[in-house]
Amino acid sequence: MVSQTNEQTLETTIEQAFTGMTTEELKAAGDVRKTPADDLVANSGFRLGLPMVFKAQYVIDEKLFWRFFGANSEHSAG
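Pasting the structure below:
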């Protein structure tokens, strides 16, 4: 069996395996900017981040980082 092995295909395969969807499927479904990250959680717990909130300088999804930080700092504060 011949398969297409390039970076885009690899990224799509990883997204599909972890989240159950791909950014291409999400884009085809509607306006990605209006989709809250909470709606993009697969049963495995992985979240599909959105490119417009990814900060390459820090290599993080800023929206998900602050949500994670806030949720976990409440538990460890006391």
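Throughout, the working numbering is defined as the position within the sequence shown, counted from one, plus 113. Idealized CB from N, CA, C, for every residue including glycine.
query: Here's the rule: buried if 16 or more other CB atoms are within 10 angstroms of the residue's CB, otherwise exposed. What is residue 158?; result: exposed
query: What residues are listed by DSSP as bridge partners for residue 168?; result: 173
query: Looking at residue 128: is its Cβ nearer than 8 Å to the Cβ of residue 161?; result: yes
query: Between residue 174 and residue 167, how many whole angstroms is the CB-CB distance? I'm expecting something under 8 Å.; result: 5 Å
query: Is residue 183 helix, strand or coil when you go by DSSP?; result: helix
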